[in-house]
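Structure first, commentary second.
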Amino acid sequence: MDELKEVIKNYVSNEYLEPDSDPIDYETPLISGGIVDSFSMVSLKRFLENKYHIQIPDDKATPEAFDSVNKIAELVKEFVKA
Amino acid sequence: MSNFGNYEDRIKNFSWLISEQELGYQPGQPINIGWYCSDRVCQQGKGDKTALIWEGFGGEKKVYSYNDLRLYSNAFARFLTDSGIKAGDRVCLFMDRIPELYIGFVGILKTGAIAQPLFSAFGEDSLFVRLENAQTTAIFTQKKHVSKVRKIKDKLPHLKHIFIVDYDGKNPLQDREKAFSMEGLGGVEDYDVYPTYAESPSVLHYTSGTTGMPKGVQHVHYSLISQYLTAKWVLDLRDDDIYWCTADPGWVTGTSYGIIAPFALGVTQCVLDSGFSAEAWYRFIEKNKVTVWYSAPTAIRSLMKAGDEIIKKFDLSSLRHLASVGEPLNPEAVNWSIRVFNKPFHDTYWQTETGCILITNFPGMPVKPGSMGRAFPGITATVLNPNNHEPYPQPGRIGLIGIKPGWPSMMRGYWKNEEAYKNKFRNGWYLTGDRARLDGDGYFWFVGRDDDIINTGGHLVSPFEVESALLEHLAVAESAVVSKPDPINMEVVKAFVTLKPGHTPSKDMELDIMNFIRKKLSPLAMPQEIEFVDTLPKTRSGKIMRRILHAKEWGEEAGDTSTLENE
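Residue numbers (my numbering), protein chains in the order written: chain W, 3 to 84; chain U, 253 to 819.
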């Protein structure tokens, strides 16, 4: 689980944070905190689907479910298991 | 009773003099939007009234009175004047929705300089073409966004000043950079507002073009006349209202109705600077007792998606009037708002070029769900036959929305692009580029764009701009960009791509290209889907036929394919 969280955290940090931005942790609000907007969420979802060979249905890919590394990891885990 | 009252009476007795007189403006005398938004309100005895309630992520809150707005906008103006900024210079605001964006806008206008707000999610390429075209002299930004400016500043010889509003001293300032702390400097009591006149340029907003790079839409200080009155009559703003406009000032709604009109009316407005979440939005309305809410169909549909149960957790009874802008408001959204808020969202139709609302469902009048509404008094709007640009004599026909030029906030030109400006007029009508039909009651019904521009979440994206950027990706040989339907954003960007030899289509390649565009242009312009193809449909002369790809995405007939290369 921690490895999964690290992968997500690193991806978000590398892809969505500007160089001088404050670093994020597992609980940093990503969507409601304005780090990842609703359009960019599509590319984050695509990354997770490619990386873990899963399909996240659109009704599960909500701003709330993508709002932190912890929440995203929970979501991914749900589909990796299934 | 709404501010607007009876439609027929307003039409019969209308003159823009109503607005001029309420604002105390005499033709031929100076008119400066910055002064009207702050100093005048204070002179009316409302200096202690709250102008802006700002809330950042995590509940951080700041409140500014109209006197604060006056003092801090003076501080901006003084700082700019001392930095050598002159009337007519372009000064860019490249910031999130922080207080400095709103107050800085007012301050820039006070100097006679032209405010050029740009969406802070723009990537370096989008930023560059707009700053280069405008030959922008100065930019205000935040430390989180300055890296994008640093990447392009060497290609921008006209950009003399980069002002960072939240500099914390952790990293050294670079060439042309300077720290500016609005509150750190304190307010400035006296500043001689520059005497701009009706036709003095005020705001430069960029909008996407069909076949070329973005165009700078040039507005003037006289635009205030129609922005003030439309806000009063269409948004129904009153002295005791708490108003929330959810638009970002990087786009025209965020300036015309997120800064200029509410401040000129002396209304209290609030701003939420955080990402979208249904719960956060409802909490914000409850906490601030918002009475008038101006939002967008994409946001409304996102709220619908979040469900009705969440609404029951909040007291939203303060809401008095709801309005929407940016793209057509579907009837389901109107009916939903009637069900859950006990009042409809009122659609408003206008454009960056028009500067103010032109067509709307008025407060106090029956809303026809799904319609754009009727023309504002003083606005002559019609549906034109696309073949001869004459108004259809009878309602019911689909044609081009045409507006008779001459309202106060009509654009005065595209920046350094006279030809594009002239092309917007035919037979004495301004062509909006949108298609609609009129019904027998004078209501307009939106049909679609008349060009290839993509309206995603209320923001216009140029396929040409995305295609140009795609060609910079090392694997892309050719591309064609069209819209595809989307339940939340109405439409989103889709790219058809052929790859160069040696590159293979894959999911990772798709993601790489998506992120490439997101960073270069903006998240809005990022294709939400990329379809790899062997060839693109072209005419025999080699022109890519986007129309055929668009029809495929929307399940429509492709129309005439006789010029198709392989037919």
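Glycine included, each C-beta is placed from N, C-alpha and C at the ideal position.
Quiz item: Excluding the five sequence neighbours on either side, which residues of its own chain have a C-beta within less than 8 angstroms of the C-beta of Ser-70 of chain W, listed in chain order?
Solution: On the first sequence, residue 70 of chain W is found 68 positions in, with the first residue counted as 1. Same-chain partners within the cutoff: Tyr-28, Glu-29, Thr-30, Pro-31, Leu-32.
Exercise. Measure from the alpha carbon of Asp-238 of chain U to the alpha carbon of each residue in U:Glu-584, U:Leu-581, U:Val-592, U:Glu-538, then state which is nearest.
Key: Past the boundaries of the shown model lies residue 238 of chain U; chain U is included only from 253 to 819, so the question cannot be answered.
Quiz item: Does DSSP classify Met-761 of chain U as helix, strand or coil?
Solution: As a working mapping, residue 761 of chain U is identified with position 509 in the second sequence. Note: Met-761 of chain U maps to helix in three-state DSSP.
Quiz item: Which residues does DSSP pair with Cys-497 of chain U in a beta bridge?
Solution: By one-based count along the second sequence, residue 497 of chain U stands at place 245. Bridge partners of Cys-497 of chain U: U:Tyr-546.
Self-check item: chain W residues whose Cβ lies nearer than 7 angstroms to that of Gly-518 of chain U
Solution: Against the second sequence, residue 518 of chain U aligns to sequence position 266. None at all; the shortest Cβ gap to chain W is about 30 angstroms.
Exercise. Please check if any C-beta of chain B sits within less than 8 angstroms of the C-beta of Glu-17 of chain W.
Key: In the displayed structure, chain B is absent; the protein chains listed are W and U.
Self-check item: Nearest candidate by alpha-carbon position, reference Pro-647 of chain U, set U:Tyr-419, U:Pro-615, U:Asp-693, U:Asp-406
Solution: Here the question's residue 647 of chain U lines up with position 395 in the second sequence. Selected option, being the one with the closest Cα: U:Asp-693.
Quiz item: Hey, quick one: how far does the beta strand (DSSP E) through Ala-575 of chain U stretch, first residue to last?
Solution: The residue given as residue 575 of chain U occupies position 323 in the second sequence. Its beta strand (DSSP E) spans residues 573-576.
Self-check item: Contacts around Ser-267 of chain U, its chain only, beta-carbon distance under 7 angstroms, and the 5 residues preceding and following it disregarded
Solution: Counting from 1 along the second sequence, the entry for residue 267 of chain U is found at position 15. Excluding sequence neighbours, Ser-267 of chain U sits near nothing in its chain.
Exercise. List the endpoints of the continuous alpha helix (DSSP H) containing Ser-325 of chain U.
Key: Walking along the second sequence from the start, residue 325 of chain U turns up at place 73. Taken as a continuous stretch (DSSP letters only), the alpha helix (DSSP H) holding Ser-325 of chain U covers 318-334.
Quiz item: How should Thr-684 of chain U be labelled, buried or exposed, when 16 other C-beta atoms within 10 angstroms of its C-beta is the threshold for buried?
Solution: To locate residue 684 of chain U, count along the second sequence from 1; it is residue 432. Answer is buried; the Cβ neighbour count reaches 16.
Quiz item: chain U partners of Asp-22 of chain W, CB-CB under 8 angstroms?
Solution: Residue 22 of chain W sits at position 20 when you count from the first residue of the first sequence. In chain order: Lys-395, Lys-396, Val-398, Ser-399, Asn-423.
Exercise. Please list the residues of the segment 747-760 of chain U that have a C-beta atom closer than 8 angstroms to any C-beta atom in chain W, keeping them in chain order.
Key: Lys-759, Asp-760
Exercise. Could you say which of U:Glu-561, U:Gly-510, U:Glu-579 lies nearest to Arg-591 of chain U if we only look at CA atoms?
Key: Here residue 591 of chain U refers to the residue found at position 339 of the second sequence. Considering only alpha carbons, the answer is U:Glu-561.
Exercise. Spell out whether any CB of chain U is found under 8 angstroms from the CB atom of Asp-27 of chain W.
Key: The residue given as residue 27 of chain W occupies position 25 in the first sequence. Closer than 8 angstroms: no.
Quiz item: Once you ignore the five residues that flank Phe-374 of chain U on each side, which residues in its own chain have a CB closer than 6 angstroms to its CB?
Solution: Counting from 1 along the second sequence, the entry for residue 374 of chain U is found at position 122. If we look at Phe-374 of chain U and ignore the five residues flanking it on each side, its Cβ neighbours are Ser-774.
Quiz item: Which value, in whole angstroms, describes the spacing of the CA atoms of Val-785 of chain U and Ile-263 of chain U?
Solution: The residue labelled residue 785 of chain U in the question sits at position 533 within the second sequence. The residue labelled residue 263 of chain U in the question sits at position 11 within the second sequence. Approximately 54 angstroms between the Cα atoms of the pair.
Practice problem: Would you kindly report the start and end of the unbroken alpha helix (DSSP H) that includes Lys-11 of chain W? | Solution: In the first sequence, the residue the question calls residue 11 of chain W occupies position 9. Note, Lys-11 of chain W: alpha helix (DSSP H), 4-18.
Quiz item: Secondary structure at Ala-558 of chain U, three-state DSSP: helix, strand or coil?
Solution: Walking along the second sequence from the start, residue 558 of chain U turns up at place 306. Correct three-state label for Ala-558 of chain U: helix.
Quiz item: Rounded to the nearest angstrom, how far is the Cβ of Leu-476 of chain U from that of Ile-511 of chain U, given a contact under 8 angstroms?
Solution: Against the second sequence, residue 476 of chain U aligns to sequence position 224. Against the second sequence, residue 511 of chain U aligns to sequence position 259. In fact, because the Cβ distance is near 11 angstroms, the residues do not count as touching under 8 angstroms.
Practice problem: Look up Trp-485 of chain U in the DSSP assignment and say whether it is helix, strand or coil. | Solution: The residue you call residue 485 of chain U lines up with position 233 of the second sequence. DSSP places Trp-485 of chain U in helix when its eight states are reduced to three.
Self-check item: Beta-carbon gap between Phe-415 of chain U and Leu-379 of chain U smaller than 8 angstroms
Solution: Position 163 of the second sequence holds residue 415 of chain U. Position 127 of the second sequence holds residue 379 of chain U. The answer is no: Cβ separation not under 8 angstroms.
Quiz item: Smallest Cα separation from Phe-716 of chain U: which of U:Thr-543, U:Thr-459, U:Arg-535?
Solution: For this step, residue 716 of chain U is matched to residue 464 along the second sequence. Ranking U:Thr-543, U:Thr-459, U:Arg-535 by Cα distance to Phe-716 of chain U puts U:Thr-459 first.
Quiz item: From which residue to which residue does the beta strand (DSSP E) around Glu-730 of chain U run?
Solution: In the second sequence, the residue the question calls residue 730 of chain U occupies position 478. Where Glu-730 of chain U is concerned, the enclosing beta strand (DSSP E) stretches over 728-738.
Quiz item: For Glu-781 of chain U, which of helix, strand or coil comes out of DSSP?
Solution: One-based indexing of the second sequence puts residue 781 of chain U at position 529. Note: Glu-781 of chain U maps to strand in three-state DSSP.
Quiz item: At a CB-CB cut-off below 7 angstroms, which residues of chain W make contact with Asp-763 of chain U?
Solution: Here residue 763 of chain U is taken as the residue at index 511 of the second sequence, counted from 1. Sequence inspection shows Leu at residue 763 of chain U; the Asp mentioned does not correspond to that position. Chain W residues near Leu-763 of chain U: Ser-45, Arg-48, Phe-49, Asn-52.
Practice problem: Could you say which of U:Phe-328, U:Lys-298, U:Ile-350 lies nearest to Trp-306 of chain U if we only look at CA atoms? | Solution: Within the second sequence, the letter at position 54 stands for residue 306 of chain U. When only C-alpha atoms are compared, the closest one is U:Ile-350.
Quiz item: Whose CA, out of U:Val-745, U:His-725, U:Gln-387, lies closest to the CA of His-802 of chain U?
Solution: Within the second sequence, residue 802 of chain U is the residue found at index 550, counting from 1. Taking only the C-alpha atoms, the option nearest His-802 of chain U is U:Val-745.
Quiz item: Assuming Met-778 of chain U and Arg-770 of chain U make a contact with CB atoms under 8 angstroms, what is their CB distance in whole Å?
Solution: Here residue 778 of chain U is taken as the residue at index 526 of the second sequence, counted from 1. Here residue 770 of chain U is taken as the residue at index 518 of the second sequence, counted from 1. So it is a contact: roughly 4 angstroms between Cβ atoms.
Quiz item: Applying a beta-carbon distance threshold of less than 9 angstroms, which residues of chain U neighbour Pro-31 of chain W?
Solution: Stepping through the first sequence from its first residue, residue 31 of chain W is reached at position 29. The contacting residues are Phe-309, Gly-310, Ser-526, Gly-527, Ser-529.
Quiz item: Name the chain U residues whose beta carbon is nearer than 8 angstroms to that of Val-42 of chain W?
Solution: Working through the first sequence from its first residue, we reach residue 42 of chain W at position 40. Per the sequence shown, residue 42 of chain W should be read as Ser rather than Val. Under the 8 angstroms cutoff, chain U gives Arg-770, Pro-775, Met-778.
Exercise. Quick one: grab the DSSP three-state call for Leu-773 of chain U.
Key: Position 521 of the second sequence, counted from the start, is the residue given in the question as residue 773 of chain U. Leu-773 of chain U falls in the coil class under three-state DSSP.
Quiz prompt | Lys-746 of chain U (DSSP reduced to helix, strand or coil) | solution = As a first step, residue 746 of chain U must be located in the second sequence, where it is residue number 494. It is a strand residue.
Quiz prompt | Contact residues within the segment 339-351 of chain U, judged by C-beta distance below 8 angstroms to chain W | solution = Asp-348
Exercise. May I ask you to report which of helix, strand or coil DSSP gives Arg-687 of chain U?
Key: Numbered from 1 along the second sequence, position 435 holds the residue referred to as residue 687 of chain U. Looking at Arg-687 of chain U - three-state DSSP - the assignment turns out to be strand.
Quiz item: Comparing alpha-carbon positions, which option in U:Gly-625, U:Gly-578, U:Leu-481, U:Ala-558 lies nearest Asp-61 of chain W?
Solution: Position 59 of the first sequence, counting from 1, holds the residue named residue 61 of chain W. Ranking the options by Cα distance to Asp-61 of chain W, first place goes to U:Ala-558.
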